[in-house]
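Reading the sequence shown from the start, the letters are residues 1 to 330 in UniProt numbering.
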Amino acid sequence: MDVPTDAISRFRHAVVTGGAGFLGSHLCTALLESGCDVTCVDDFCTGRPENVAHLTGRPGFTLLEADICRPFEVADSSGSSAPPDLVLNFASPASPADYLRMPLHTLETGSAGTRNALALARRHGARFVQASTSEAYGDPQEHPQSERYWGHVNPVGPRSVYDEAKRFGEALTAAEARVHGSNVGIVRLFNTYGPRMRGYDGRAVPTFVRQALAGEELTVTGDGRQTRSLAYVEDTVRGVLAMAGSELLGPVNVGNPDEITMQELAELVIELTGSRSGLRFVERPSDDPAVRCPDITLARGKLQWEPRVTARDGLERTIGWFRAHTHPGG
Ligand SMILES: NC(=O)c1ccc[n+]([C@@H]2O[C@H](COP(=O)([O-])OP(=O)(O)OC[C@H]3O[C@@H](n4cnc5c(N)ncnc54)[C@H](O)[C@@H]3O)[C@@H](O)[C@H]2O)c1
């Protein structure tokens, strides 16, 4: 992975909450490869030990099973790591299927969990980065979405458990900076895809890839004209690490401004997998945003970051991973 080593070279020991999840596991890998010790904290409610199996046993890597909703402390298994100087707070159910199944855990993780992760960073004087989301913009009435836009969120709809947990996490992080003067930052991540996503997590890319590889119809919600902007995981990891290495509070959007409709995405997956599957249009979930596209002027200017991987390239890599990791019939 292409890691901005300069940006993060000063860190000796990073804590990644949610480190056994999709994004977290790629962050753990990139940080360890840059020479930093890593403690991965995860309660495995949606993540899997297999996601970090390639790191287990490597010097400097510690896996701690813990629910961040309760106060936690980190100590590396060998006792040789420096105190944490970076905390990346990525713990949270993130796919609609997961947070609708675990609404209260999602709210508690965004609130009590974020508070505990902030407290850990404060105790050690560590830089803290909060993983927020484009869902903070809700069903946006401005397009593309810049950080100045305050969003359009239904506070009591089914998706509010995630959207409001993340908005509260942002508020808590900003208050931490005001009250304690802590070195904290907020990244608003837009949809990211890549290897280690779960085929049944309900998000568009893994669902389409799984269905195409199995020869099933691809289930496109609504009329397929709603848009998303999809970033390949390597680009998102670079953006997060650039944010970690900065002193910015943010929020800063990290996402790919190339917009694609759901129907175009499904057709591209069919083309790249060589599948003979067709499309099936199904009901669109409530409060599903019609458009989603980041304005990344701030990230370009302040972090010198922009995405590099095209949808075609990223999807080919993702499909390759799914082919290698899907058991026949499973
Ligand atoms: N993937 C995306 O497109 C995307 C977009 C925007 C924001 N994000 C944010 O990035 C983070 C990671 O998302 P992901 O896509 O990798 O999801 P994921 O479900 O693969 O990973 C989340 C991880 O957090 C862990 N976790 C959840 N609650 C926890 C708790 N209370 N204590 C400890 N661990 C807990 C899960 O077990 C899992 O390993 C989330 O905070 C999510 O909101 C992701």
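The beta-carbon is built from N, C-alpha and C at its ideal position, and this holds for glycine as well.
query, result
"The segment 170-182 contacting the segment 23-30, beta-carbon criterion three pairs below 8 angstroms", "no"
"Phe322 versus Gly110, Thr17, Ser229, Val205, residue with shortest Cα-Cα distance", "Val205"
"Sequence-distant residues of its chain with Cβ nearer than 8 angstroms to Ile260 (five each side left out)", "Thr227, Arg228, Ser229, Leu230, Leu268, Ala311"
"Endpoints, alpha helix (DSSP H) assigned at Val205", "204-214"
"Beta-carbon proximity check, Ser134 vs Arg292, cutoff 8 angstroms", "yes"
"Integer-rounded CB distance, given that Pro140 should sit under 8 angstroms from Pro289", "7 angstroms"
"Tyr232 (DSSP reduced to helix, strand or coil)", "strand"
"Leu315 Cβ short of 7 angstroms to ligand 1 heavy atom set", "no"
"According to DSSP, residues forming a beta bridge with Ile186", "Gln130"
"Cα-Cα separation, Pro257 to Gly215", "30 angstroms"
"Asp98 versus Asp235 - alpha carbon distance", "24 angstroms"
"Where Leu88 sits in the DSSP three-state scheme", "strand"
"Backbone CA spacing between Asp6 and Val233 [nearest angstrom]", "20 angstroms"
"Min CB distance Leu248 to chain D below 8 angstroms", "Looking for chain D here will not work: only one protein chain is present."
"Heavy atom of ligand 1 within 7 angstroms of Ser134 beta-carbon", "yes"
"Sufficient close CB pairs (3 or more, under 8 angstroms) joining the segment 117-133 to the segment 78-96", "yes"
"Cα-Cα separation between Gly199 and Val252, rounded to whole angstroms", "29 angstroms"
"Residue environment, Gln304, which counts as buried when at least 16 other CB atoms sit within 10 Å", "exposed"
"DSSP beta-bridge partners of Tyr193", "Tyr232"
"Short Cβ contact (8 angstroms threshold) for Gly255 with Pro195", "no"
"Val41 (DSSP reduced to helix, strand or coil)", "strand"
"Other residues of its chain near Gly314: CB distance less than 6 angstroms, five sequence neighbours each side excluded", "Tyr232"
"For Ala20, the residue or residues it bridges with in DSSP", "Partner(s): none; Ala20 has no beta bridge."
"Cut-off 8 angstroms between Cβ atoms - residues of its own chain near Asp85, not counting five sequence neighbours on either side", "Arg10, Phe11, Arg12, His13, Ala14, His124, Gly125, Ala126, Arg127"
"Proximity of Thr39 and Leu55 at Cβ, strictly below 8 angstroms", "no"
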